[in-house]
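Report on the structure given below.
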Amino acid sequence: MTSAISFSGVSRHFGDVRAVDGVDLEIAPGEFFALLGPSGSGKTTCLRLIAGFEQPTHGSISIFGAEATRTPPYRRPVNTVFQDYALFPHLNVRDNVAYGLMVRGDAKSARRAAADDALALVALDGFGDRKPAALSGGQRQRVALARALVMQPKVLLLDEPLGALDLKLREQMQGELKLLQRQLGIAFVFVTHDQGEALSMADRVAVFNDGRIQQVGSPEDVYDRPETPFVADFVGASNVLPAQLVHRLTGKDAPASLRPEAIQIGDGPLSGKVSTQAFLGSATRIEIESEGITLKVLLPKGRSVPEIGETVSLGWGADALHIMDGRNG
Ligand code: ATP
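Heads up, the sequence shown is in the working numbering, so the first residue is 1482 and it goes up one at a time.
Structure below.
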């Protein structure tokens, strides 16, 4: 199947800064794809390269099989929802949504009908005559979404679109975006620094660090089978055991990840002293100093919690230790 988006050796350098550095990437049509990474890791630059707002320094980009490296943004079958929504305050909601159609020269009645359809799609029927200032944050976010969707893109690009919303609304919009993506059947490429958001929404996730992709995989792949210590730590704050210790425990000479929730207090091959304790509601997180490293342990509610200063033994199930012997490890 032809990829919706294909990057081959794509770099974007700004002077000495390698914002994107040798990225290969394939995104399938109809896929919900997350670009995940810390601030400054190159996610937004990658999205702007797909949109055509940036040109690669090296490499090539194709969109649905057609070479697009030098294609201007307005000729690409993609649209972007920006983090700040970028709505025009003096235009009402309908005219904001219809703006791209007006620029394209569509007739007024067709623009109006298409804008109202797009507003219905994001559950904003009847809001067309309001000004953006008279909307809530979540409603403004939907207008931005409708404005991108009215152009009927084959790929929708979303740059931290939920960043400005409070936690509850964010969670609600995560579910709605996922439903909308399934309903439309087009590819969504979503930039986020929030691993929970990426894991809960995406079909596949690319984890970025320093302009490079560390791993691409399903949410289960990057969470349960991280290929590098960076991915283990960034996606779900896993413990990373150094190669020397792993060698002693397993005979294998590579670092390994061990999820905080996979560790049990009781019998086991390691022991250490509890140094911190934090009650999180549904669980308690403790830290244990052992073998020169600090191990995070998540104890679900109801499990007994050792005191600070107590020495405990630590164990885990047979599959819990994930050896990272990938090329980036
Ligand atoms: P954030 O989550 O903070 O938006 P990001 O992962 O999206 O981060 P980018 O915005 O892609 O990161 O930036 C990657 C690197 O490239 C950063 O070091 C940034 O300062 C640099 N950069 C981005 N755009 C430019 C530019 N126009 N000129 C110079 N440097 C830039």
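Just so you know, even glycine gets a beta-carbon here, dropped at the ideal spot from N, CA and C.
query	result
According to DSSP, simplified to helix, strand and coil, what is T1526?	helix
Could you have a look at H1539 and say whether DSSP puts it in helix, strand or coil?	strand
What does the Cβ neighbour count give for Q1664, buried or exposed, with the cut at 16 atoms within 10 Å?	exposed
Closest to S1541 by CA distance: which of T1765, A1601, A1549 is it?	A1549
Taking the alpha-carbon of A1509 as reference, which of G1644, F1488, E1652, G1521 has the nearest alpha-carbon?	F1488
How many angstroms separate the CA atom of M1632 from the CA atom of V1584?	11 Å
Hey, would you say the C-beta of T1538 is under 7 Å away from at least one heavy atom of ligand 1?	no
Would DSSP call A1591 helix, strand or coil?	helix
Counting pairs of Cβ atoms below 8 Å between the segment 1688–1695 and the segment 1729–1743, do you hit three or more?	no
M1654 and L1648 - do their beta-carbons sit closer together than 8 Å?	no
Given that a residue counts as buried once 16 or more other Cβ atoms are within 10 Å of its Cβ, and exposed if not, what is Y1566?	buried
Taking 8 Å as the threshold (C-beta atoms), are Q1758 and I1804 in contact?	no
Is the number of C-beta pairs between the segment 1783–1800 and the segment 1724–1731 that are closer than 8 Å three or more?	no
Quick one: using the 10 Å Cβ neighbour count with 16 as the cut-off for buried, is T1483 buried or exposed?	exposed
When burial is assigned at 16 or more other CB atoms within 10 Å of the CB, is G1810 buried or exposed?	Below a pLDDT of 50, predicted positions are generally treated as unreliable, and G1810, at 40, falls in that range; no measurement from the model is reported.
Thinking C-alpha only, which one of A1668, L1661, A1614, D1705 is nearest L1637?	A1668
Give every residue of the same chain whose Cβ lies closer than 6 Å to the Cβ of E1652, excluding the five residues on either side of it in the sequence, and list them in chain order.	none
Whole angstroms are fine: how far does the CA of S1492 sit from the CA of I1486?	15 Å
Is the beta carbon of H1571 within less than 7 Å of some heavy atom of ligand 1?	no
For ligand 1, any of its heavy atoms closer than 7 Å to the Cβ of F1514?	no
I need the DSSP call for D1806, collapsed to helix, strand or coil.	coil
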